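Student: Numbering (the working numbering), first residue to last: 2 to 99.
Here a beta-carbon is modelled for each residue, glycine too, at the ideal position from N, C-alpha and C.
Keep in mind the model is a prediction, meaning the values are calculated, not measured.
I'd like to ask some things about the structure below.
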């Protein structure tokens, strides 16, 4: 993942929907359905301050964290393609707007 600061995948409805599908498949177990640290697993391994939308960095930093892991969060390389990572970034950004 080059994880540039600017997301090369436009935040379209199709991209957000793909990101939602990936989030439900890979992320919801720990982050909860609304990217909150409220699941049983999250309470054990995820620090709540990392899920605060105000703490999110640039798109590139978020993509890097998804791809490489952070703290107890596992690396998603090579399970997710670079494009999948950017779809997830679009979905997370979309969720935090509403």
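Exposed or buried, which one is residue 92 when buried takes at least 16 other CB atoms within 10 Å?
Tutor: Label assigned to residue 92: buried.
Student: Does the count of Cβ pairs from the stretch 70-89 and the stretch 13-21 closer than 8 Å reach three?
Tutor: With a cut-off of 8 Å, the stretch 13-21 and the stretch 70-89 count as touching, because enough Cβ pairs lie within range.
Student: With DSSP collapsed to three states, give me the class of residue 71.
Tutor: Here residue 71 sits in strand by DSSP.
Student: My output table needs one value for residue 89: the three-state DSSP class, helix, strand or coil.
Tutor: In this structure, residue 89 counts as helix in the three-state DSSP scheme.
Student: Using the beta-carbon count (16 or more within 10 Å), is residue 60 buried or exposed?
Tutor: Classification for residue 60: buried.
Student: Whole angstroms are fine: how far does the CA of residue 30 sit from the CA of residue 64?
Tutor: Roughly 19 Å separates the two Cα atoms.
Student: I need the straight-line Cα distance from residue 69 to residue 62, nearest angstrom please.
Tutor: Spanning the two alpha carbons is a distance of roughly 10 Å.
Student: Restricting to Cα atoms, I'd like to know which of 98, 95, 83 and 97 is closest to residue 9.
Tutor: That would be 83, whose Cα lies nearest to the Cα of residue 9.
Student: State the Cα-Cα distance for the pair residue 94 and residue 24, rounded to the nearest angstrom.
Tutor: Cα to Cα, residue 94 sits roughly 12 Å from residue 24.
Student: Residue 8 by DSSP, collapsed to three states: which one?
Tutor: If DSSP states are grouped into helix, strand and coil, residue 8 belongs with coil.
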